[in-house]
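Notes to accompany the following structure.
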Amino acid sequence: MNELGKIEPDWIAVDWGTTHLRAWAMSNEGEVLESATSEAGMSKLSTGAFESALMNIISGWLADGEITPVVSCGMVGSRQGWIEAPYRVAPCEPIDHSPLTRAQTTDSRIEFYVVPGIKQTSPADVMRGEETQIAGLLAQEPDFDGVVCLPGTHTKWVRISAGEVVHFSTYLTGELFSLLSSKSVLRHSIAQNGWDAIAFKAAIDDAITKPSTIAARLFLLRSEALISDLSPETARARLSGYLIGLELGAARQYWLGQNVVIIGDEKISGAYYSAISAQGWAPKKYEAQLMTLAGISSAYLKIR
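Numbering (the numbering used here), first residue to last: 7 to 310.
As structure tokens, this is what we get:
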């Protein structure tokens, strides 16, 4: 920061997802000087609009006559993003020594780089952004060997060994919850907020032990609301429990008997922590933003 109080970062970290754009003004020592966010996610931008969306939130950090590196992860590097950053193929390090993908910019004050995602050929699967959080975890725990759960719209279970992403699987759990709670007939019975921890745990157990019954149990959320005054908060918790329970049952090969780390925002990672703990395992939790910044920082070292 100069004597006038203007933020002058050494570089800028960016997490650019489908729905949101987040940026942090960074020092070379890893200090966050300032942060900014907008709703200009990849899905809301047309081709050619990405640079202006970025400049809307970071231009105040830039100095004339100087070039500030910007290192980004996430869907900005997808086929529908600013520039397609080709996938690397698992097994591989989450961020390796290959070059970052650079996008052309019209503003001469920035150089914009994108961390590539990772693909898996059999079974087919892809990730963008999660590899950066995994790199952040390995920066904190370089000897970690086990499984990383990254809950969200598309939850990923990732097997890590010898510093590499070995294998992973993606579940549409978060998107299914959103669609069922807001677009299906269940929308009339599901609260937007609120929780019932006992109902959540019972629903987890039902889904794991009797997965074939869940389609019917989902409709019970509607019929019990009409006939038995099931509370919307309890219905919300049960819906979440059914879907996460189905996921845990399908992903048992990942978490059973493994060291498990959950990386995510507190609200959703807390639900997964409770669900996995109820199965007799004790996962660790890391906050998503901290791991993202640690991962982008490791990518920045490649161009520094």
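In this text, a Cβ means the ideal position worked out from N, Cα and C, and glycines have one as well.
None of these values were measured; they are calculated from a predicted model.
Comparing alpha-carbon positions, the option among Tyr260, Gly152 and Gly54 lying closest to Glu170 turns out to be Gly152. Residue state for Trp30 is assigned as strand, using DSSP reduced to three classes. In the displayed model, Pro75 falls within a strand according to three-state DSSP. Sequence-distant Cβ neighbours of Gly123 in its own chain, meaning closer than 7 Å and more than five residues away, are Gly83, Ala91, Tyr93, Val132, Met133, Arg134 and Glu137. Contact between Gly54 and Leu27 fails: their C-beta atoms lie close to 16 Å from each other, not under 8 Å.
Here DSSP, grouped into helix, strand and coil, assigns Trp67 to helix. With a 10 Å radius around the Cβ and a threshold of 16 neighbouring Cβ atoms, Thr219 comes out exposed.
In the structure shown, Asp212 falls within a helical segment according to DSSP collapsed to helix, strand and coil. When the five nearest sequence neighbours on each side are left out, the beta carbons in the same chain lying within less than 8 Å of the beta carbon of Ala197 are those of Ser237, Pro238, Glu239, Ala241 and Arg242, in order along the chain. In this structure, the CA atom of Asp202 is about 19 Å from the CA atom of Asp271. Ranked by how close their Cα comes to the Cα of Ala213, the residues Lys273, Leu249 and Ile233 have Leu249 in first place. Here the alpha carbon of Glu72 sits roughly 8 Å from the alpha carbon of Ser114. Excluding its 5 nearest sequence neighbours in each direction, Pro15 has C-beta neighbours in its own chain below 6 Å: Ala31, Met32, Leu39 and Trp67, listed in chain order. Distance from the CA atom of Ala168 to the CA atom of Glu99, rounded to whole angstroms, is 9 Å. Between Thr179 and Glu253 a beta carbon distance of about 5 Å is seen, short of the 8 Å cut, so the two are scored as contacting. The C-beta of Pro148 has fewer than 16 other C-beta atoms within 10 Å across all chains shown, which makes the residue exposed.
Every alpha helix (DSSP H) of 4 residues or more that sits fully in the segment 214-247 is shown, in chain order, as 220-233.
Straight-line measurement puts the Cα of Ile274 at about 16 Å from the Cα of Thr298.
The continuous beta strand (DSSP E) containing Ala130 extends over residues Ala130 to Met133.
Residue burial annotation: Leu307 is exposed, with fewer than 16 other C-beta atoms found within 10 angstroms of its C-beta.
Residue pairing of Ser175 in beta bridges, as defined by DSSP: Trp163.
Looking at the backbone, the Cα of Ser187 and that of Arg193 are separated by about 5 Å.
Sequence-distant Cβ neighbours of Val172 in its own chain, meaning closer than 6 Å and more than five residues away, are Pro97 and Arg165. Where Thr298 is concerned, the enclosing alpha helix (DSSP H) starts and stops at Ala294 to Tyr306. The three-state secondary structure of Tyr279, taken from DSSP, is helix.
When the beta-carbon positions are compared, Leu143 and Gly36 stay at least 9 Å from each other. Across the set Lys125, Gln126 and Trp88, the C-alpha of Trp88 shows the shortest separation from the C-alpha of Thr112. Ranked by Cα distance from Pro157, the options Trp22, Val76 and Ile282 are led by Ile282.
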